[in-house]
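Numbering follows numbering that gives the first Met the number 0, with no gaps: position 144 of the sequence shown is 143.
Okay, structure first, notes after.
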Amino acid sequence: MSDEELILTGEQSDLSQYVTDEGGIWSLRQLEKVRSWNDIEYAPGLSGKNTPSTGLSMNRAYIPPGGVAKAHIHVDFDVMVYLLQGSVRHEYGPGCRKSVVHSAGDMFYIEPDLPHEVFNCSDSEWVHAVVSRSDASEWQNIEPYDRDSE
Numbered sequence: 000m001s002d003e004e005l006i007l008t009g010e011q012s013d014l015s016q017y018v019t020d021e022g023g024i025w026s027l028r029q030l031e032k033v034r035s036w037n038d039i040e041y042a043p044g045l046s047g048k049n050t051p052s053t054g055l056s057m058n059r060a061y062i063p064p065g066g067v068a069k070a071h072i073h074v075d076f077d078v079m080v081y082l083l084q085g086s087v088r089h090e091y092g093p094g095c096r097k098s099v100v101h102s103a104g105d106m107f108y109i110e111p112d113l114p115h116e117v118f119n120c121s122d123s124e125w126v127h128a129v130v131s132r133s134d135a136s137e138w139q140n141i142e143p144y145d146r147d148s149e
């Protein structure tokens, strides 16, 4: 996968327009999808781009029916996901040779630096999830992974 395939689209630089500083509590109200990365659509979230956060980010992610988030690695940060709707299959580990399926209501944790690729298991239903990261920059520390490299 080339770096061009991981290019961010949509609103990337000014996410502050979606957040209100309530005097120490930063609020983000219900919003829909406004941007995408690696074939996943996102609603605005909370991150270092629109809050004073230095170590956390969180947003809602949507994978279209039949969609695939191509193989990648989260460099030096943790990810926790709460799957609200749909089912996903992760192919992960060296060469992405292991596999696990998660369904709506499941929560899961992805270790830092673990190669993985995410597949929406349905050809008709969107996946909807809440994604939290121990990285305030959201996507800047994600690298593409070549499944054939190991």
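The beta carbon of each residue, even a glycine, is placed where N, CA and C say it ideally should be.
Neighbourhood of residue i by C-beta distance below 6 Å, restricted to the same chain and skipping five residues each side
i: Ser26; result: Thr19
i: Phe118; result: Val67 and Arg88
i: Leu5; result: Because Leu5 carries a pLDDT of 41, less than 50, the predicted location of this residue cannot be relied on, and the following value inherits that uncertainty. Excluding residues within five positions, the ones whose Cβ falls inside 6 Å are Asn37 and Pro143.
i: His115; result: His89 and Tyr91
i: Met0; result: Residue placement at Met0 cannot be trusted, given a pLDDT of 32 that sits under 50; what the coordinates show is reported in the next sentence. The residues are Lys69 and Pro143.
i: Val80; result: Phe107, Ala128 and Val130
i: Ile72; result: Asp112, Pro114, Glu142 and Tyr144
Integer Cβ distance of residue i from residue j, believed to fall under 8 Å
i: Asp75; j: Asp112; result: 7 Å
i: Tyr61; j: Val126; result: 7 Å
i: Val78; j: Arg132; result: 5 Å
i: Asn58; j: Ser15; result: Rounded, the Cβ-Cβ distance is 14 Å, inconsistent with contact.
i: Glu149; j: Pro93; result: 4 Å
Simplified DSSP state of residue i, which is helix, strand or coil
i: Arg96; result: coil
i: Gln16; result: helix
i: Ser131; result: strand
i: Leu7; result: Its pLDDT being 46, under 50, Leu7 is placed unreliably in this model, and the coordinates cannot settle the point.
i: Arg59; result: strand
i: Ser52; result: coil
i: Arg146; result: helix
i: Val78; result: strand
i: Ala103; result: coil
Own chain partners of residue i with C-beta closer than 7 Å, once the 5 adjacent residues on each side are dropped
i: Asp134; result: Ser56, Phe76 and Asn140
i: Asp105; result: Leu82
Buried or exposed (CB count within 10 angstroms, at least 16 for buried), residue i
i: Pro43; result: buried
i: Tyr174; result: Not covered by the structure: residue 174. The range shown for the chain is 0 to 149.
i: Ser46; result: buried
Nonlocal neighbours in the same chain, by C-beta distance under 8 Å from residue i, ignoring five residues either side
i: Ala103; result: Leu82, Leu83, Gln84, Gly85 and Ser86
i: Gly54; result: Ser133, Asp134 and Ala135
i: Glu3; result: Because the pLDDT at Glu3 is just 42, under 50, the model does not fix this residue reliably, and the value given afterwards should be weighed accordingly. Cβ within range, chain order: n/a, list empty.
i: Glu110; result: Asp77
_Three Cβ pairs or more, each shorter than 8 Å: is that satisfied between the region 53-67 and the region 96-107?_
no
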